[in-house]
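>
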Amino acid sequence: MILTFRQKLRPTRAQHRLLDERLERQRLLYNAALQERRDAYRLQRKTITRLDQQKSLTVIRADDPEGHGADPVTMGRWTLARVEDAFTGFFGRVKRRAGKAGFPRFKAKSRWRSFGLYEMTGLRLELGHQRIRLKGMDRPIRLCPDRALPEDARLLGATFTKVGRGWFLALTIDSASIVAPEHAHPGSAVGCDLGIEALLTLSTGERIANRRPVSRREREIRHSRRALARCRRGSNCRRKVKATLAGQLRRVADQRNDHLHKVSASLARSFALIVFEDLRIRNLTRSATGTVDEPGVNVAQKRGLNREILDAAWRRLIDYTRYKAARAGGVVKTRDARRSSGTCSGCGVYAAKPLSLRWHACACGASLHRDENAARVMLCGSSRRSPRRGRPCPWGRQRGPSGRASSQNSPRRKVLETRRQMGIINPK
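The UniProt record's numbering puts the first residue of the sequence shown at 1, with every later residue one more than the last.
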């Protein structure tokens with residue numbers, strides 16, 4: 001199993017300077033590689049590949065022995081691979097016609113925070129993974145390891161990232177011992193309903209609170225953004241306010257990730273099968289502004305709902321749970337969420353309910369929270385069928401004398417009757 005262990009570095013002042021120099025060199029290399037590709041196609045209609053640029057990198061290292069020549073060779077290849085990824089994503093978006101294609105742009109200092117190594121060439125762990133020695137530095141860099149690497153871990157690569165004034169090291173490893181042969185609770189399963197009122201509602205009835213980290217710091221973030229808009233570009237005041245705002249946003253992200261990691265770890269430890277809703281987050285958070293000819297309705301309310309959905313980070317929670325469950329010997333599945341809120345988990349009859357109705361009560365005897373009912377339906381395997389059948393729901397389709405569902409009050413019947421009254425279709 002391939003995982004990434006992120007650890008904080010404790011470099012000295014001189015090592016801080018050397019790391020910043022390497023970061024700047026790789027940024028300039030990225031911009032130069034991007035410029036080469038653009039000019040080659042614009043002037044000669046020639047496509048430059050990553051292999052061509054890696055051959056040019058050999059010449060650059062020979063001409064600059066104290067700069068790129070002192071860095072590991074895989075460091076420059078890592079940067080050239082980022083250029084390749086940018087163009088691959090661009091051509092993929094053009095092919096899919098997914099809105100704006102977004103041609104690759106040059107990287108400013110504020111938009112380039114990482115450099116890495118494809119392989120562990122030029123990087124070595126020392127003293128029980130307490131220090132690392134990077135090629136080009138006379139002294140090793142101290143680490144703050146929060147957890148030990150597995151004994152059979154095979155190091156695949158490393159990434160150095162600058163966050164604020166600190167540095168972090170992400171080690172990519174491949175290990176087989178970290179995967180449990182069997183889950184601690186085999187046969188256990190749970191359905192999960194994602195929401196805003198509660199981040200997660202389980203089919204067991206447990207509701208996990210939504211921390212809303214952005215809402216807690218909304219006031220100070222808004223003040224910092226206003227102050228940043230008033231500052232003159234290039235001034236020291238703007239630089240300080242920008243750093244303050246970045247720190248506030250980092251704290252929000254750290255709080256969110258910490259909560260999601262704890263929730264996902266608890267789910268992975270407790271259940272062998274975890275079922276989530278298969279939601280299209282991009283469609284759910286689509287703007288309701290509309291156009292000039294057809295303006296949207298309830299735009300402010302929809303904007304607030306979009307912020308709450310993005311603040312909850314549902315997709316990140318599913319991703320965290322998926323790899324943690326695989327490590328614990330479990331499985332994560334996603335299923336279609338359509339009709340899950342209106343389907344009764346007891347009798348399986350569907351009846352549409354407004355969002356304002358938060359309690360599910362059915363004639364079959366089911367009486368529970370709406371989200372818990374949806375979580376149980378997700379666990380059943382289908383939103384249209386329930387594991388047992390009972391009496392019909394009072395909101396469902398009315399039954400005829402023969403016991404079959406009558407089509408007199410069906411939604412399709414009502415739509416056709418309305419169209420006939422309006423003269424849209426022939427009454428015959």
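Just so it is clear, CB atoms sit at the ideal spot from N, CA and C, and this is done for glycine as well.
Could you compute how far the alpha carbon of ILE2 sits from the alpha carbon of ARG339?
The straight-line gap from Cα to Cα measures roughly 37 angstroms.
> Okay, do the stretch 282-289 and the stretch 178-194 touch, 3+ Cβ pairs below 8 angstroms being the bar?
Taking 8 angstroms as the limit for Cβ pairs, the verdict is that the stretch 178-194 does not touch the stretch 282-289.
> By the 10 Å Cβ neighbour count, where 16 or more other Cβ atoms means buried, how is THR343 classified, buried or exposed?
Looking at its Cβ environment, which holds 16 or more other Cβ atoms inside 10 Å, THR343 is buried.
> GLY330 and LEU273 - do their beta-carbons sit closer together than 8 angstroms?
Taking 8 angstroms as the Cβ cut-off, LEU273 and GLY330 qualify as a contacting pair.
> In the DSSP assignment, find the unbroken beta strand (DSSP E) run with GLY116 in it and report its ends.
Taken as a continuous stretch (DSSP letters only), the beta strand (DSSP E) holding GLY116 covers 114-117.
> Consult DSSP for GLY304 and reduce its assignment to one of helix, strand or coil.
The answer is helix: DSSP assigns GLY304 an H, G or I state.
> So, is PHE276 buried or exposed, given that buried needs 16 or more other C-beta atoms within 10 angstroms?
By the neighbour-count rule (16 or more Cβ atoms within 10 Å), PHE276 is buried.
> Beta carbon of ASN31, beta carbon of LYS107: below 8 angstroms?
Yes, the pair counts as a contact, with Cβ atoms nearer than the cut-off.
> Going by the DSSP bridge assignment, what does SER367 pair with across the sheet?
Beta-bridge pairing links SER367 to ALA361.
> Which stretch, first to last residue, makes up the alpha helix (DSSP H) that contains VAL83?
Taken as a continuous stretch (DSSP letters only), the alpha helix (DSSP H) holding VAL83 covers 73-96.
> Suppose you measure from the CA of LYS8 to the CA of PRO140; what does that come to, to the nearest Å?
Going by the C-alpha atoms only, they are around 14 angstroms apart.
> Do the stretch 251-265 and the stretch 316-330 touch if we need at least three Cβ pairs shorter than 8 angstroms?
At 8 angstroms Cβ cutoff, the stretches touch.
> Expressed to the nearest angstrom, what Euclidean distance is found between the alpha-carbon atoms of ARG216 and ARG239?
ARG216 and ARG239: Cα-Cα distance of roughly 25 angstroms.
> Could you pull the start and end residues of the alpha helix (DSSP H) that GLU36 belongs to?
From DSSP, the alpha helix (DSSP H) with GLU36 extends over 13-44.
> Kindly indicate which residue of SER177, ARG327 and THR4 has the alpha-carbon position closest to the one of PHE168.
Ranking the options by Cα distance to PHE168, first place goes to THR4.
> Give the DSSP-derived three-state secondary structure of LYS353 in the structure shown.
The answer is coil: DSSP assigns LYS353 none of H, G, I, E or B.
> LEU29: which of ARG77, PRO65 and ARG376 sits nearest, CA to CA?
The shortest Cα separation from LEU29 among ARG77, PRO65 and ARG376 belongs to ARG77.
> Leaving aside the five residues before and after ALA148 along the sequence, list all residues of the same chain whose C-beta is less than 6 angstroms from its C-beta, in chain order.
So no residue of the chain qualifies.
> Within a Cβ cutoff of 6 angstroms, which residues of the same chain sit near PRO387, ignoring the five residues on either side of it in sequence?
Because the pLDDT at PRO387 is just 40, under 50, the model does not fix this residue reliably, and the value given afterwards should be weighed accordingly. Here the set comprises CYS380.
> Shortest alpha-carbon distance to LEU143 belongs to which of SER264, ARG6 and THR289?
Cα-wise, what sits closest to LEU143 is ARG6.
> Got a sec? Which residues, its chain only, sit under 8 angstroms from ALA62 by beta carbon, not counting five neighbours each side?
Counting only Cβ-Cβ distances below 8 angstroms, and skipping sequence neighbours, we find GLY69.
> Look at the alpha carbon of residue 500 and the alpha carbon of CYS231, and state the distance between them as a whole number of angstroms.
Residue coverage of the chain in this structure runs from 1 to 428, which leaves residue 500 outside it and unanswerable.
> Could you pull the start and end residues of the beta strand (DSSP E) that CYS237 belongs to?
Run containing CYS237: none in the beta strand (DSSP E); it sits in the alpha helix (DSSP H), 236-270.
> By alpha-carbon positions, which one of GLU119, GLU151 and LEU117 ends up nearest to HIS129?
Nearest of GLU119, GLU151 and LEU117 to HIS129, Cα basis: GLU151.
> Tell me whether PRO213 is buried or exposed, calling it buried when 16 or more other Cβ atoms sit within 10 Å of its Cβ.
Per the 10 Å Cβ criterion, buried.
> Starting from the Cα of ARG226, find the closest Cα among SER235, ASN236 and VAL241 and give me that residue.
With distances taken between Cα atoms, ARG226 lies closest to VAL241.
> Taking ASP146 as the reference, which of ARG315, ASP138, LYS333 and ALA170 has the closest Cα?
Cα-wise, what sits closest to ASP146 is ALA170.
> So, at 8 angstroms on beta carbons, what are the nonlocal neighbours of VAL292 in its own chain, with the 5 sequence-adjacent residues on each side left out?
Around VAL292: no qualifying Cβ.
> How is CYS380 classed by DSSP in three states: helix, strand or coil?
Three-state result, CYS380: helix.
> If you follow the beta strand (DSSP E) that ALA170 is part of, which residue opens it and which one closes it?
Taken as a continuous stretch (DSSP letters only), the beta strand (DSSP E) holding ALA170 covers 166-174.
> Compare the Cα-Cα distances from GLU66 to each of LEU18, LYS100 and ARG96 and report the closest residue.
Of the listed residues, the one whose Cα sits closest to GLU66 is LEU18.
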